[in-house]
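*Asks:* If you're matching positions, the sequence shown starts at 17 in the working numbering and goes up one per residue.
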Amino acid sequence: MDLFEYQGKQYFAQYGIAVSPGDTADTLEEAIAVAERIGFPVVVKAQVKVGGRGKAGGVKLADNMDELKLHAGNILGLDIKGHVVRRLWIERSSDIKKEYYASFTLDRPNKTHLGMLSASGGVEIEVVAEENPDAISFLSIDPVRGLDLETARRWVAEANLDEVAREQAAEMLVKLYVCYVEGDCDLAEINPLILTPDDKVHALDAKVTLDENASYRHPEWDAFRWSETEDPREMMAKERGLNYIGLDGSVGIIANGAGLAMSTLDVVNQAGGSAANFLDIGGGANADVMAAAMEVINSDPKVKSIFVNIFGGITRVDEVAKGVLEALKRVDISSPIVLRLDGTNAVEGRAILAPYLNEKLITEPTMLEAARRAVELAN
Ligand code: GDP
Ligand code: MN
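#1: On a CA-only basis, which of Met132, Ala222, Leu258 is nearest Gly68? Give me that one, please.
#2: Compare the beta carbon distance of Ser153 and Leu130 with 8 angstroms and say whether it is the shorter of the two.
#3: State the DSSP-derived secondary structure class of Thr225, mapped to helix, strand or coil.
#4: In terms of residues, what are the limits of the beta strand (DSSP E) holding Pro248?
#5: Look at the Cβ atom of Leu373, then the Cβ atom of Thr379, and state whether they are nearer than 8 angstroms.
#6: In the DSSP assignment, find the unbroken alpha helix (DSSP H) run with Thr167 in it and report its ends.
#7: Quick one, which of Phe56, Val333, Asp95 has its alpha-carbon nearest Ala367's?
#8: Taking 8 angstroms as the cut-off, decide whether the C-beta atoms of Ala287 and Arg388 are in contact.
#9: For Pro371, which three-state DSSP category applies?
#10: Measuring from the CB of Asp79, is there a heavy atom of ligand 1 at a distance below 7 angstroms?
#11: What are the partner residues of Ala230, as DSSP defines its beta bridges?
#12: For a test of the three-state rule: what should DSSP assign to Lys114, helix, strand or coil?
#13: Based on Cα-Cα distance, which residue from Arg241, Phe327, Glu228 lies nearest to Phe20?
#14: Kindly indicate which residue of Gly32, Gly73, Lys65, Ala219 has the alpha-carbon position closest to the one of Asp111.
#15: Do Met306 and Ile349 come within 8 angstroms of each other at the CB atom, strictly closer than that value?
#16: Helix, strand or coil for Glu205 per DSSP?
#17: Does the region 37–48 come close enough to the region 78–90 that 3 or more CB-CB pairs lie under 8 angstroms?
#18: Among Val101, Lys97, Leu84, Ala185, which one has its Cα closest to the Cα of Met132?
#19: Quick check for students: name the residue ranges of the beta strand (DSSP E) that lie wholly in the region 75–134, counting only runs of 3 or more.
#20: Taking 6 angstroms as the limit, name every residue whose beta carbon sits nearer than that to some heavy atom of ligand 2, in sequence order.
#21: Determine the burial state of Gln30: buried for a count of at least 16 other Cβ atoms within 10 Å of its Cβ, exposed for fewer.
#22: Is it buried or exposed, Glu244, if we count other Cβ atoms within 10 angstroms and call 16 or more buried?
#23: Given Ile172, which residues of its chain have a CB within under 6 angstroms of its CB, disregarding the five upstream and five downstream residues?
#24: To the nearest angstrom, report how far apart Pro125 and Glu255 are at their CA atoms.
#25: In whole angstroms, what separates the C-alpha of Gly74 from that of Ile96?
#26: Of the residues Val340, Ala204, Ile326, which one's Cα is nearest the Cα of Ala271?
#27: For Asp82, count the other beta carbons within 10 Å of its own beta carbon; 16 or more makes it buried, fewer makes it exposed. Which is it?
#28: I think Lys320 touches Leu393, with their Cβ atoms under 8 angstroms apart; what is that distance to the nearest whole Å?
#29: Looking at Gly67 and ligand 1, is the gap between the Cβ and the nearest heavy atom below 7 angstroms?
#30: Rank Asp304, Val347, Leu341, Ile297 by C-alpha distance to the C-alpha of Ile330 and give the top, closest one.
#31: Asp358 lies in the beta strand (DSSP E); which residues open and close that run?
#32: Would Ala165 be called buried (16 or more neighbouring beta carbons within 10 Å of its own) or exposed?
#33: On the three-state DSSP scale, how would you describe Ala72?
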């Protein structure tokens, strides 16, 4: 899960990293109130989950109320690389003497964490890497040993941060590392990390990606799920504990196992259709799971047919068949359902469904035939 800048800053603040005081605003009125509360000059910042907001006109300084109204009015509703701005972050403006870059991310091939630090921040790190690769100082961090202050001190010197910034930056890097590890981030990036004219080091931006695999131990992350920005189908699926990803097509898909679900998307494409979702009901799916899956798919107005693709292994097809009937009892399904049932107890499963088959509940013997039928029904 990617965080908005303001959420990233809230996260950083919990770990003692210095950020500017500020607040969010979803309307011009709220923006005015926030600016009044924190005092001018302020910076008005578009909250979208994409970089390069500054260049796109999504970050503006306001010295007074007139400027604030102008910028807040322009930025709300602004389209930045396909992301429409619905929320602003307004913070006390900082004076900048220097802009640095700092981040921690995973180095998967080397099974370590990777720190990146540069005295040339404020521009995208990819651009620095391209034009001036020597300006980035990389630090490989053994996850067992972590990052201590001594190592951080050597690192800030090696990266040529200004002398006055070094001690504060080293301390902040250790805090950022703790935030990154204990906070279960895949990425924690500060760009720019600034040095102010009065020699204070301070995070002016925050880019944080949380590792969803760790969400079970972070109930507090729920506060970061700003509901309006998420796919309502995915929210519904999440509430029901399903492994679901919303897509744009018209064939709803239910399969057991992630591999089979992916193959099902391919075969639907091959048959000339497009999938409305990815949904893996996992092993041993019972009636409850089937009903929940059908409910989510049924709630999607774009769905015109449902393709249930089950290859029984540990999952027994007769159980799935019972689940389908149970689901049909519980949920009023608007689209026709095409089933491909194979594997363990497939014969028993098909026999269970046989008396109920009609033009809205169809079985096909193979995956490809079932895909073709589902696509035909969706068109
Ligand atoms: P990004 O373009 O999406 O990375 O957004 P940033 O939050 O990094 O802001 C872009 C740029 O705006 C920064 O690199 C700064 O140069 C500038 N900026 C942001 N906040 C302030 C501020 O408080 N004061 C000043 N003077 N410049 C700022
Ligand atoms: Mn930035």
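Quick reminder that beta carbons are idealized off the backbone N, C-alpha and C, glycines included.
*Replies:* Here's the rundown:
#1: Stepping through the sequence shown from its first residue, residue 68 is reached at position 52. Measuring C-alpha to C-alpha distances from Gly68 to each of Met132, Ala222, Leu258 identifies Ala222 as the nearest.
#2: Translated into the one-based positions of the sequence shown, residue 153 becomes position 137. Translated into the one-based positions of the sequence shown, residue 130 becomes position 114. Contact: no.
#3: As a first step, residue 225 is located in the sequence shown; it is residue number 209 there, counting from the start. Residue state, collapsed to three classes: strand.
#4: Looking up residue 248 in the sequence shown gives position 232. For Pro248, there is no enclosing beta strand (DSSP E); the enclosing alpha helix (DSSP H) has its first and last residue at 248–255.
#5: On the sequence shown, residue 373 is found 357 positions in, with the first residue counted as 1. On the sequence shown, residue 379 is found 363 positions in, with the first residue counted as 1. Remark: C-beta atoms of Leu373 and Thr379 approach each other more closely than 8 angstroms.
#6: Here the question's residue 167 lines up with position 151 in the sequence shown. Element bounds for Thr167: 165–174.
#7: Position 351 of the sequence shown, counted from the start, is the residue given in the question as residue 367. Residue Val333 is the option with its Cα nearest to Ala367.
#8: By 1-based counting over the sequence shown, the position of residue 287 is 271. By 1-based counting over the sequence shown, the position of residue 388 is 372. Annotated as proximal: Ala287 and Arg388, with beta-carbon spacing under 8 angstroms.
#9: Taking the first residue of the sequence shown as 1, we reach residue 371 at position 355. Secondary structure at Pro371: helix, using DSSP grouped into helix, strand and coil.
#10: Looking up residue 79 in the sequence shown gives position 63. No, the Cβ of Asp79 stays beyond 7 angstroms of every heavy atom of ligand 1.
#11: In the sequence shown, counting from the first residue as 1, residue 230 sits at position 214. Within the DSSP secondary-structure output, Ala230 pairs in no beta bridge.
#12: Sequence index remark: in the sequence shown, residue 114 carries index 98 (1-based). For Lys114, the secondary structure class from DSSP, reduced to helix, strand or coil, is strand.
#13: Residue numbering aside, residue 20 sits at position 4 when the sequence shown is read from its first letter. A check of alpha carbon separations from Phe20 across Arg241, Phe327, Glu228 identifies Arg241 as the nearest.
#14: For the purposes of this step, residue 111 is identified with residue 95 of the sequence shown, where counting begins at 1. Comparing C-alpha distances from Asp111 to each of Gly32, Gly73, Lys65, Ala219 shows the shortest one belongs to Ala219.
#15: Here residue 349 refers to the residue found at position 333 when the sequence shown is read from its first residue. Here residue 306 refers to the residue found at position 290 when the sequence shown is read from its first residue. Their beta carbons are not under 8 angstroms apart, which means Ile349 does not touch Met306 by this criterion.
#16: Indexing the sequence shown from 1 puts residue 205 at position 189. Of the three classes helix, strand and coil, the one that applies to Glu205 here is strand, per DSSP.
#17: Yes: the two stretches touch, three or more of their Cβ pairs being nearer than 8 angstroms.
#18: The residue labelled residue 132 in the question sits at position 116 within the sequence shown. For the residues Val101, Lys97, Leu84, Ala185, the minimum Cα distance to Met132 belongs to Ala185.
#19: The qualifying runs are 75–78, 104–108, 114–123, 128–134.
#20: The chain-ordered list of residues whose CB is nearer than 6 angstroms to some heavy atom of ligand 2 reads Asn207, Asp221.
#21: Position 14 of the sequence shown holds residue 30. By the Cβ-count criterion, Gln30 is exposed, with fewer than 16 other Cβ atoms from all chains shown falling within 10 Å of its own Cβ.
#22: Here residue 244 refers to the residue found at position 228 of the sequence shown. Here Glu244 scores only 48 on pLDDT, less than 50, and its place in the model is too uncertain to base an answer on.
#23: Position 156 of the sequence shown, counting from 1, holds the residue named residue 172. Sequence inspection shows Val at residue 172; the Ile mentioned does not correspond to that position. Within the same chain, and ignoring the five residues on either side of Val172 in sequence, the residues whose Cβ sits closer than 6 angstroms to its Cβ are Arg182, Ala185, Ala186.
#24: Counted from its first residue, the sequence shown places residue 125 at position 109. Counted from its first residue, the sequence shown places residue 255 at position 239. About 34 angstroms.
#25: To locate residue 74, count along the sequence shown from 1; it is residue 58. To locate residue 96, count along the sequence shown from 1; it is residue 80. Distance between the alpha carbons of Gly74 and Ile96: 8 angstroms.
#26: Locating residue 271 in the sequence shown gives position 255, counting from the first residue. Taking Ala271 as reference, the option from Val340, Ala204, Ile326 with the minimal CA-CA separation is Ile326.
#27: The sequence position of residue 82 within the sequence shown is 66, counting from 1. By the neighbour-count rule (16 or more Cβ atoms within 10 Å), Asp82 is not buried but exposed.
#28: Residue mapping note: residue 320 aligns to position 304 of the sequence shown, counting from 1. Residue mapping note: residue 393 aligns to position 377 of the sequence shown, counting from 1. Rounded to whole angstroms, the Cβ separation of Lys320 and Leu393 is 7 angstroms, and the two are in contact under 8 angstroms.
#29: Start at 1 with the first residue of the sequence shown, and residue 67 comes out as number 51. Within the cutoff, so yes.
#30: Walking along the sequence shown from the start, residue 330 turns up at place 314. Cα-wise, what sits closest to Ile330 is Ile297.
#31: Numbered from 1 along the sequence shown, position 342 holds the residue referred to as residue 358. Segment 353–359, the beta strand (DSSP E) holding Asp358.
#32: Your numbering for residue 165 matches position 149 in the sequence shown. The residue asked about is misnamed: residue 165 is Leu in this sequence, not Ala. Answer is exposed; the Cβ neighbour count stays below 16.
#33: As a working mapping, residue 72 is identified with position 56 in the sequence shown. If DSSP states are grouped into helix, strand and coil, Ala72 belongs with coil.
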